[in-house]
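**Student:** Take this structure first; my questions come after.
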Amino acid sequence: MKGHVWRPLYVVIGIVVLLLLFRFFYVPDDFGIQDQGFTFGFHRLSNEQEWKDFPAKYKGTEYCNECHDDKVASISSSQHEMIPCEDCHGPARNHPEDPEKLVVNRSRELCIRCHSKLFMPSSGRNDIPGIDPNTHNTGMECSECHNPHNPSLEDM
Amino acid sequence: MKRRDFLKNTAVFITGASVSLSALELVDPKEVLASRPDLRWGFLVDTYKCVGCGMCVKACKLENDIPYDANVTRTWVERYVIMKSGEVVKDSPKGARDGFTSKLVDQGESGPRLLRDKEIAQGFFVPKLCNHCTLPACVQVCPVGATYSTADGVVLVDRKWCIGCGYCIMGCPYGVRFFHPVVHTADKCTFCYHRITKGGNTACAQACPFGARRIGNLRDPNDPVAKEVLNGRVGILRDEYGTKPNVYYIGLNKEVH
Numbered sequence: 001m002k003g004h005v006w007r008p009l010y011v012v013i014g015i016v017v018l019l020l021l022f023r024f025f026y027v028p029d030d031f032g033i034q035d036q037g038f039t040f041g042f043h044r045l046s047n048e049q050e051w052k053d054f055p056a057k058y059k060g061t062e063y064c065n066e067c068h069d070d071k072v073a074s075i076s077s078s079q080h081e082m083i084p085c086e087d088c089h090g091p092a093r094n095h096p097e098d099p100e101k102l103v104v105n106r107s108r109e110l111c112i113r114c115h116s117k118l119f120m121p122s123s124g125r126n127d128i129p130g131i132d133p134n135t136h137n138t139g140m141e142c143s144e145c146h147n148p149h150n151p152s153l154e155d156m
Numbered sequence: 001m002k003r004r005d006f007l008k009n010t011a012v013f014i015t016g017a018s019v020s021l022s023a024l025e026l027v028d029p030k031e032v033l034a035s036r037p038d039l040r041w042g043f044l045v046d047t048y049k050c051v052g053c054g055m056c057v058k059a060c061k062l063e064n065d066i067p068y069d070a071n072v073t074r075t076w077v078e079r080y081v082i083m084k085s086g087e088v089v090k091d092s093p094k095g096a097r098d099g100f101t102s103k104l105v106d107q108g109e110s111g112p113r114l115l116r117d118k119e120i121a122q123g124f125f126v127p128k129l130c131n132h133c134t135l136p137a138c139v140q141v142c143p144v145g146a147t148y149s150t151a152d153g154v155v156l157v158d159r160k161w162c163i164g165c166g167y168c169i170m171g172c173p174y175g176v177r178f179f180h181p182v183v184h185t186a187d188k189c190t191f192c193y194h195r196i197t198k199g200g201n202t203a204c205a206q207a208c209p210f211g212a213r214r215i216g217n218l219r220d221p222n223d224p225v226a227k228e229v230l231n232g233r234v235g236i237l238r239d240e241y242g243t244k245p246n247v248y249y250i251g252l253n254k255e256v257h
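These protein sequences, in sequence, are chains F and B.
Reminder that position 10 of the first sequence reads as 10 in full-length UniProt numbering, one-by-one numbering, no gaps.
Reminder that position 192 of the second sequence reads as 192 in full-length UniProt numbering, one-by-one numbering, no gaps.
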């Protein structure tokens, strides 16, 4: 073939070689089709481990119970027994080291998430004792009258 | 045809056919799934139990470092109100991060709307999250292998590999994907992979006081979630897309999609 054919061909071959070299150094060894093939399994295998190593913030009521068993026992015997500690106290993270003290959410907004009366037939919301937050002791925190660990006023 | 040509063509045909057949075998996901019968994560949502408190949405945001005030969530709760007239009214203010506390239903540009109790026929809440489909459209369209399906059926996004092209966000028929405003890649629910692989529960299921959300192993016949999915009357969202979701709903209406 003539030179005018070879010259651009050399350029193309050079680009391909450069791309293959770049790919060789850039693409990690564990990147491949894995065991589910190109359609669904094409990925970097070590990324699964990276997601497994993501730090958890919520620890669960059992974790709280290790030190605060009296508090867990008190709420367990009330109507609020199904509420996990961290819903009101925030994620435990590495408490008691970090943070040393958890901030308790005593806000009215937290309580009315469940206790604002909404007419919702075919939902459990209808079975929860509810108030109208616009008329029920406005401006006060619910915890001024109701103990969150023992919310029924009759039992206090 | 000459004998030489016949032999040559036969050899080429057999070589080609054997290569394509073996390639088909390699990429058949059903076969691979059948050979791993031990674990497949599935999620069960009970819409009767959900009260719309939104604690799941809050917990998910805090657990997974999703910017709290940004208008993005990995999971959200929708309020559906079906009127006696047949009209369907729904909303999900801030993805229900702060729960449903008002009778006013957010109707976007037309403003909040007050529905009279006696006109309401049905009212319920529907939590939504990534369906971790068996045949995920988002994985199929990802050009770089950043979105993928693990062997145990969880769809994840490789943040180091994602180029932010947004195909997966457009490809998902459920609209569960978004751009993470901090890490600048596509993002979605991971079924709390860091928790479930250590024997834990997802943050949203743990935060739910009413047991409306549960995760389990669909391949374990003794798993309570698997039992409910296999024997109970459950529904999935948008069956017509053929993505075979692994999030199942108890009490799903036709109005929900």
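Just so you know, even glycine gets a beta-carbon here, dropped at the ideal spot from N, CA and C.
#1: On the three-state DSSP scale, how would you describe F/PHE42?
#2: Which two residues bound the contiguous beta strand (DSSP E) that contains B/ASP91?
#3: Please report the residue range of the alpha helix (DSSP H) in which B/ASP223 lies.
#4: Kindly indicate which three-state DSSP category F/VAL104 falls into: helix, strand or coil?
#5: Take the Cβ of F/ILE75 as the centre, count every other Cβ of all protein chains shown within 10 Å, and call the residue buried at 16 or more, exposed below.
#6: Within this structure, are the beta carbons of B/ALA186 and B/HIS180 separated by less than 9 Å?
#7: I think F/ARG113 touches B/GLY54, with their Cβ atoms under 8 Å apart; what is that distance to the nearest whole Å?
#8: Would you check if the distance between the CB atom of residue 158 of chain F and the CB atom of F/PRO133 is smaller than 9 Å?
#9: Roughly how many angstroms separate the alpha carbons of F/HIS95 and B/ARG238, rounded to a whole number?
#10: Can you list the alpha helix (DSSP H) stretches of 4 or more residues lying completely in the segment 73–157 of chain B, in chain order?
#11: Between the C-alpha atoms of F/HIS136 and F/GLY60, what's the straight-line distance to the nearest angstrom?
#12: For F/SER116, which of helix, strand or coil comes out of DSSP?
#13: F/ILE13 to F/TRP6, Cα distance in whole Å?
#14: In the segment 53–79 of chain F, which residues sit with their C-beta less than 8 Å from some C-beta in chain B, listed in chain order?
#15: Of all the CB atoms in chain F, is at least one closer than 9 Å to the CB of B/GLY123?
#16: Starting from the beta carbon of B/PRO136, find every residue of chain F whose beta carbon is closer than 8 Å, and list them in chain order.
#17: Under 9 Å between C-beta atoms, does F/SER116 make it to chain B?
#18: Please report the straight-line C-alpha distance between B/GLY111 and F/GLU154, rounded to a whole angstrom.
#19: Is DSSP giving B/ALA205 helix, strand or coil here?
#20: At the level of alpha carbons, what is the spacing between B/ASP152 and B/VAL88?
#21: Please list, in chain order, all residues of the same chain as B/ASN201 whose beta carbon is under 7 Å from its beta carbon, the five residues on each side excluded.
#22: Beta strand (DSSP E) containing B/TYR248: first to last residue?
#23: Mind checking which residues open and close the alpha helix (DSSP H) that includes B/LEU39?
#24: Kindly give me the distance between the Cβ atoms of B/ARG219 and B/LEU39, rounded to whole angstroms, as I take these residues to be in contact under 8 Å.
#25: Got a sec? Which residues, its chain only, sit under 7 Å from B/VAL225 by beta carbon, not counting five neighbours each side?
#26: Thinking B/ALA205 and B/CYS50 are a contact (beta carbons under 8 Å), I'd like their distance in whole angstroms, please.
#27: Measure the alpha-carbon distance for F/LEU102 versus B/GLU63 and round it to whole angstroms.
#28: I'd like the list of long-range same chain contacts for B/CYS208, defined as Cβ closer than 7 Å, with 5 residues on each side in sequence excluded.
#29: Note down the Cα distance separating F/PRO91 from B/ASP91, rounded to an integer number of angstroms.
#30: Let me see if you follow: with CB-CB separation under 9 Å, is F/ASP30 close to chain B or not?
#31: So is B/PHE191 buried or exposed if we call it buried at 16+ other beta carbons inside 10 Å?
**Tutor:** The structure says:
#1: coil
#2: In the DSSP assignment, B/ASP91 falls within the unbroken beta strand (DSSP E) covering 88–91.
#3: Run containing B/ASP223: none; DSSP gives neither H nor E here.
#4: coil
#5: buried
#6: yes
#7: 6 Å
#8: This structure leaves residue 158 of chain F out entirely; chain F is present only between 1 and 156.
#9: 42 Å
#10: 137–141
#11: Taking the straight line from one Cα to the other gives about 32 Å.
#12: strand
#13: 10 Å
#14: ASP53, PHE54, PRO55, ALA56, LYS57, TYR58, GLY60
#15: Interface residue, yes.
#16: Per Cβ cutoff of 8 Å: PHE40.
#17: yes
#18: The alpha-carbon atoms of B/GLY111 and F/GLU154 are separated by roughly 41 Å.
#19: The three-state secondary structure of B/ALA205, taken from DSSP, is helix.
#20: 37 Å
#21: ARG195, ILE215
#22: 247–250
#23: Where B/LEU39 is concerned, there is no enclosing alpha helix (DSSP H), given that its DSSP letter is neither H nor E.
#24: 6 Å
#25: Closer than 7 Å at Cβ, skipping near neighbours: GLY42, LEU44, ARG214, ILE215, GLY216.
#26: With 8 Å as the limit, B/ALA205 and B/CYS50 do not qualify as a contact, their Cβ atoms being about 12 Å apart.
#27: 16 Å
#28: MET55, CYS56
#29: 28 Å
#30: Interface flag for F/ASP30 against chain B is unset, since no Cβ pair is found closer than 9 Å.
#31: Of the other Cβ atoms in all chains shown, 16 or more fall within 10 Å of the Cβ of B/PHE191; this residue is therefore buried.
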